[in-house]
Structures are given as structure tokens and as C-alpha cells.
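All remarks here apply to the structure that follows.
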Amino acid sequence: MQSLEQIREERLKKLKKLRELGLDPFSETKFERTTTAAELHKKFDSLKPNEKREKEIYSVAGRIMSKRIHGKACFLDLEDFSGKIQVWMDKSTLGDKYDLIDLIDIGDIIGIKGFVFKTMRGELTIWTQDFKLLSKSLRPLPSKWYGLKDADLRHRKRYLDLIMNKNSREVLIKRSQIIKAIREFLDSKGFIEVETPVLQPIYGGAFARPFITHHNALDIDLYLRIAPELYLKRLIVGGLERVYEIGKDFRNEGIDTKHNPEFTMMECYQAYADYKDMAKLTEELIAYVAKKVFGTTLIEYQGKKINLKPPWRRITMKEALLEKGIDVSKTKEELLEVAKQKGLEVNENFTKGDLINEFFEELVEPELIQPTFVFDYPVEISPLAKRKAEDPSFTERFEAFIAGMEIANAFSELNDPIDQKQRFLEQAKRRKLGLESEPYDADFIEALEYGMPPTGGLGIGIDRLVMILTNTPSIRDVIAFPTLRPKK
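The sequence shown maps to residues 90 to 577 in the working numbering.
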């Protein structure tokens, strides 16, 4: 069996031979295609075996995925972005040019001109009248029988994964369609799309560790944003009453099936709305996207059937924990003892709100399979959300869950600059205790002092939403180029 390097050497010799014949496969700058594989199938799949359409000449191009030689004729399987089609080449039609078939390999990219016919076995095929080699593949593709199944290799060499695995291509196509549908929905609701800084002098809008970089000309450290929230709310202050942004956020934290350090978020803000309005917006948006892209609000994720049709279930965090036997009215010390009894690893510096959230994440979140809004989060872990008037220790905040994953987070946004300043100061105390915290942002406080209307804000994790809608178990499979540990 030949090694990969031996195969590459043979292909380099073929390339040299082609160039000696004046046929450099890398010299072509373009190829005029008149149709695609999918369009030909749509138009001609109804042909009968042995039926030909010799007067209709088409030009197609794509990658050779298989090659089967039968003496002075051969079949190729040609694949373009739309799908596959069989190609027939023979000596009697192509003359001396047919001899080049020995210099053509699986993986090469080729342009074909010819007419369509059906073989005796009923396979739609292009009868080649002329062809051009448009690019030479110097490395062999993975075996078509075994494919490219190693997950790490698929993610490191995504180009090979996309060549060999149709499902990988479909997921990225669906991702594009999902994002397009999100834009359509928000645009129809009067939101305008905006852009905010990715490089920020103060990171904020979430509990997360940032990536730090340095700007040489200004000689200052800057942070890759962990969220666009505080800038989007500045736009609300400025009078843009409905705004949204779809873009990259960066968090210098762990990697697993639900987390990638570089990920895509949609955040939107609506003046004169609260978190209940944002819940309605969330369920309507996701149902619209599912219907638009997949034609249904009934989906399946990892063997579980899920109904995305509104209205979704609504429950408070207190109610959800009470169903698990956790009474959040207990003191911090009592809750610490309960946590130890349940075998939860908790930090002695945790506030009561941190403990409540820990109970929720461990005992409730994994069981939220059907779409569920969980309302009213502790104030200690919600520094940018308005307090509940009837219980100031909790805030007007919800998170939305599907298939045990958080996919959305929303607030009635805190617009009281005095309360916001005090919250930031409380966050500084948390930071000294080693707890997750929100940095102090003096300019944001100043912006609030000019007046921000009552506002509802919402963030949706695009990658996780794509995972759920495409029934994909790992976030790495819905990101074109996920973050990976370098190979030594």
C-alpha cells in the first residue's frame, strides 16, 4: 500500500507532465458554468434510460469524487456545491484529449461541457464533449468508504470535513439560513442592526474572563469584548429605540461541547419594554426561525422531541427549586449545609444568590428539555437587571432553556444610575473574594445619568441555537473553525 507521501510524489509527476504538455491546471482564472448538478437533476431526472438530450449543451464544474475506467471510456462522479452528478468520458468523442484521463485524479477540480443522458441503469449522466482541468489535487482525499470520521481531524482540517461529509456542509448552510431568518424577524419588528466595538477599554455585560491585547500606538491594554451589552444600551440612551447586533464575543474560559472561547451572540434592546416583552419576543423569534428554515416548530434533539411553538412554559427560579425541595427563603448558612448534604462543591465565599444559582444549575437546568423560561434571578448575579419591586433580592431577569441548555438571557434593564453605581461597587467586593463579577464602568454610569428609558434586553447564543435546530451534539460542529489546542 502506498504511503501518502508516495501518492503526493506521483501526483507531482502528473502535474509536471501536464505542464510539459502546456496544460497548467492552475493557470485558469475562471470557468463559465451554465448550471449546477442539482439543477440538472431537477430538470432531467424524469428522462428514461438511454434517453439523450444532445442539442442542449451545459457547462458544469466541480471536484472529482470517484473515477472508474472501462478501457477507452470512464465514469467520473462530479460534486459541486449543490450535489453530485455522473460524468461520462470516452475516446471516440474526445479523441487524443481522452488520454489525459491518466493524469487526472480523484480530488481534482474539473470543468465539463456536454449534454445530458440517462444510462441503461437509470443514472443521470453528462456526456463529455470537452473538459478543462481547473485545479490539481496534490494530496489524496480520505477513503470514500471510511470517510473522515475522526472528530479532532475533522475540526482541524475543516476543508477536508466539508469535502467528505455532506452533513457538515448542511449544518453550515443551515447556520447561514438561521442567522438570515433572525435578521428578517428583527427587521420586521422595527429593530435596526448596529455594530459596537469588539476592542473595548473596559469589558462588561457578562461574568467572564476576557482576552487582553495591547494597542501599540495608544500604549494601552484593550479587551476583546465578552458582550456588546453596555454599548448597545448607550445607543438606547442616544435615542435608537430598537437595536440589535449579531457578532462575535470572546471569553477566556474553558472549552467543551457547549462552550467555545470565540462564539456568536445576538443581542437586542427595546425601549419601553420589560423582560416579559422580551420573553414573548424570544419564543416568537425562535418559532419563526424554525418554521422558516425547517418548515416546522416540531424538532428532535438527540432523541428528544421538542415543540418550539409558543407559548413556552414559564416558571420562577424559586418555584423550580421548590420542586426539588430547595427553599430559597432559608438563610445562606442553611443553604450551605443543604449544598454539602447534596454533595455540591460550593465556595464558602458564595453569596446567598450564588448558592441559589448553583442549586439551579446542578439540579434543575439539565432537566429543562422542553422550551422553558425561568424568571427572577438573584440580584448578586444580575448586576445589570432591575430589582423586583416586591422582592428586591431578586431581579426581573429570565433565562430560556431548551434541551437542558441555556440559549437566551434577558433583563428588564437597570436604568437607575445610582443603583447601577452601587451594584458595580458591590461587584468590586465580589472580585476581591474571587467570585465572578462585573467591572466598574464610569462612562456607562454617566450615560445612564442622561436618562435611559425603561428597556428590555435579550441575548441569544447563536451557536447553541444552531446546535438545537440542526440536532448537533457539539458546538464545534456548528462553528466553521472552532478553537483547538495546537498540535505539537
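Heads up, the beta-carbon is just placed ideally off N, CA and C, and yes, glycines get one too.
This one's a predicted model, so the numbers in the text were calculated from it and none came from an experiment.
Exercise for the section: Indicate whether the contact test is met: 3 or more Cβ pairs, each with one atom in the region 262 to 272 and one in the region 376 to 393, closer than 8 Å. Expected result: yes
| Beta-carbon spacing of L192, V205 below 8 Å | Residue 192 sits at position 103 when you count from the first residue of the sequence shown. Residue 205 sits at position 116 when you count from the first residue of the sequence shown. No, the pair does not count as a contact, with Cβ atoms beyond the cut-off.
- Message: Is the separation between the beta-carbon of A362 and that of G172 shorter than 8 Å?
- Response: Against the sequence shown, residue 362 aligns to sequence position 273. Against the sequence shown, residue 172 aligns to sequence position 83. Taking 8 Å as the Cβ cut-off, A362 and G172 do not qualify as a contacting pair.
### Message
What does DSSP give as the partner residue(s) for P467 in the beta ladder?
### Response
For this step, residue 467 is matched to residue 378 along the sequence shown. Answer by DSSP bridge pairing, in chain order: F483.
Cutoff 8 Å; reference Q391; Cβ partners in own chain excluding five residues on either side:
The count along the sequence shown starts at 1 and reaches residue 391 at position 302. Around Q391: A492, N560 and P562.
Does the distance from the CB of I96 to the CB of P286 come in under 8 Å?
Locating residue 96 in the sequence shown gives position 7, counting from the first residue. Locating residue 286 in the sequence shown gives position 197, counting from the first residue. Cβ atoms of I96 and P286: not closer than 8 Å.
Can you say whether D197 is buried or exposed, counting buried as having 16 or more other CB atoms within 10 angstroms of its CB?
-> Taking the first residue of the sequence shown as position 1, residue 197 is located at position 108. Buried, because 16 or more other Cβ atoms sit within 10 Å of the Cβ of D197.
| Which two residues bound the contiguous alpha helix (DSSP H) that contains A240? | Working through the sequence shown from its first residue, we reach residue 240 at position 151. Looking at the DSSP string, the run of the alpha helix (DSSP H) that includes A240 is A240 to R245.
Would you mind working out which of K518, G442, D219 and A478 sits nearest Y529, comparing C-alpha positions?
The residue you call residue 529 lines up with position 440 of the sequence shown. Residue K518 is the option with its Cα nearest to Y529.
Do S135 and F296 have their beta-carbon atoms positioned less than 8 Å apart in this structure?
Against the sequence shown, residue 296 aligns to sequence position 207. Against the sequence shown, residue 135 aligns to sequence position 46. No. Outside cutoff.
**OP:** Note down, in chain order, each residue of its chain lying with its Cβ closer than 8 Å to the Cβ of I309, except the 5 sequence neighbours on either side.
**Re:** Mapped onto the sequence shown, residue 309 falls at position 220. For I309, where only same-chain residues beyond five positions count, the Cβ hits under 8 Å are P290 and H303.
Exercise. Are there three or more Cβ pairs, one per stretch, closer than 8 Å when the region 144 to 160 is compared with the region 97 to 117?
Worked result: no
Proximal residues to W216 (C-beta, below 6 Å), its chain only, five neighbours per side dropped = The residue labelled residue 216 in the question sits at position 127 within the sequence shown. Cβ within range, chain order: W177, G203, F204 and F206.
Query raised in the report: Anyone know if the C-beta pair for K398 and A368 falls short of 8 Å?
Result: For the purposes of this step, residue 398 is identified with residue 309 of the sequence shown, where counting begins at 1. For the purposes of this step, residue 368 is identified with residue 279 of the sequence shown, where counting begins at 1. No. Outside cutoff.
* Anyone know if the C-beta pair for H348 and E342 falls short of 8 Å? -> Within the sequence shown, numbered from 1, the residue matching residue 348 stands at position 259. Within the sequence shown, numbered from 1, the residue matching residue 342 stands at position 253. Going by C-beta atoms, H348 is nearer than 8 Å to E342.
Can you tell me whether M541 is helix, strand or coil according to DSSP? Within the sequence shown, residue 541 is the residue found at index 452, counting from 1. Coil.
Q | Beta-carbon separation (whole angstroms), L410 vs V453, contact threshold 8 Å | A | Taking the sequence shown and counting its residues from 1, the one referred to as residue 410 is at position 321. Taking the sequence shown and counting its residues from 1, the one referred to as residue 453 is at position 364. Confirmed, about 7 Å.
Does P400 pass the burial test, meaning 16 or more other C-beta atoms within 10 Å, or should it be called exposed? For the purposes of this step, residue 400 is taken as the residue at position 311 of the sequence shown. Exposed.
Exercise. Considering only residues of the same chain and omitting the five flanking positions on each side of T208, which have a CB-CB separation below 6 Å?
Worked result: Locating residue 208 in the sequence shown gives position 119, counting from the first residue. Contacts found: T214.
- Task: Give a yes or no on whether the C-beta atoms belonging to I315 and D338 are separated by under 8 Å.
- Result: Taking the sequence shown and counting its residues from 1, the one referred to as residue 315 is at position 226. Taking the sequence shown and counting its residues from 1, the one referred to as residue 338 is at position 249. Yes, Cβ-Cβ distance for I315 and D338 is below 8 Å.
Checking the sheet assignment: what are the DSSP bridge partners for Y358? Within the sequence shown, residue 358 is the residue found at index 269, counting from 1. Answer by DSSP bridge pairing, in chain order: V332 and G546.
inquiry  = DSSP has H130 in a bridge; who is on the other side?
reply    = Locating residue 130 in the sequence shown gives position 41, where the first residue counts as 1. Per DSSP, none; premise fails for H130.
Is G328 close to the ligand FAD? I mean its beta-carbon at under 7 Å from any heavy atom of the ligand.
Although the ligand FAD was asked about, the structure shown includes no ligands whatsoever.
Item checked: Which listed residue (P542, K221 and Y466) has its alpha carbon closest to that of F448 -> Position 359 of the sequence shown, counted from the first residue, corresponds to residue 448. When only C-alpha atoms are compared, the closest one is Y466.
* **Contact check, P114 vs L223, beta carbons under 8 Å** => On the sequence shown, position 25 is the one that residue 114 refers to. On the sequence shown, position 134 is the one that residue 223 refers to. Their beta carbons are under 8 Å apart, which means P114 touches L223 by this criterion.
*Return helix, strand or coil for A295, following the three-state DSSP convention.*
Locating residue 295 in the sequence shown gives position 206, where the first residue counts as 1. If DSSP states are grouped into helix, strand and coil, A295 belongs with coil.
Relative to the C-alpha of E318, which residue among P571, I557, I549 and E168 is closest?
To locate residue 318, count along the sequence shown from 1; it is residue 229. The shortest C-alpha separation from E318 is found at I549.
DSSP on K263, reduced to helix/strand/coil?
Locating residue 263 in the sequence shown gives position 174, counting from the first residue. In this structure, K263 counts as helix in the three-state DSSP scheme.
query = Among D188, K441 and K221, which has the Cα closest to the Cα of S116?
reply = Position 27 of the sequence shown, counting from 1, holds the residue named residue 116. The shortest C-alpha separation from S116 is found at K221.
Exercise for review: Report yes if the CB atom of K394 is closer than 8 Å to the CB atom of L387, and no otherwise.
Suggested key: Taking the first residue of the sequence shown as 1, we reach residue 394 at position 305. Taking the first residue of the sequence shown as 1, we reach residue 387 at position 298. Closer than 8 Å, so yes.
Problem - Exposed unless 16 or more other CB atoms sit within 10 angstroms - verdict on Y248 - result: Working through the sequence shown from its first residue, we reach residue 248 at position 159. So Y248 counts as exposed.
Starting from the Cα of L129, find the closest Cα among A531, Q175, D179 and F164 and give me that residue. Here residue 129 refers to the residue found at position 40 of the sequence shown. Ranking A531, Q175, D179 and F164 by Cα distance to L129 puts Q175 first.
Write down every uninterrupted run of the alpha helix (DSSP H) in the region 431 to 455 whose length is 4 residues or greater and which is fully enclosed by it, in chain order. 441 to 448
Suppose contacts are defined by Cβ-Cβ distances below 8 Å. Is I470 in contact with D443 by that definition?
As a working note, residue 470 is residue 381 in the sequence shown. As a working note, residue 443 is residue 354 in the sequence shown. Closer than 8 Å, so yes.
Measuring CB atoms only, is the region 497 to 513 touching the region 482 to 489, in the sense that at least three cross pairs come out at less than 8 Å? yes
Do I551 and I335 count as a contact pair if the criterion is CB distance below 8 Å?
Start at 1 with the first residue of the sequence shown, and residue 335 comes out as number 246. Start at 1 with the first residue of the sequence shown, and residue 551 comes out as number 462. In contact: I335 and I551 (Cβ atoms closer than 8 Å).
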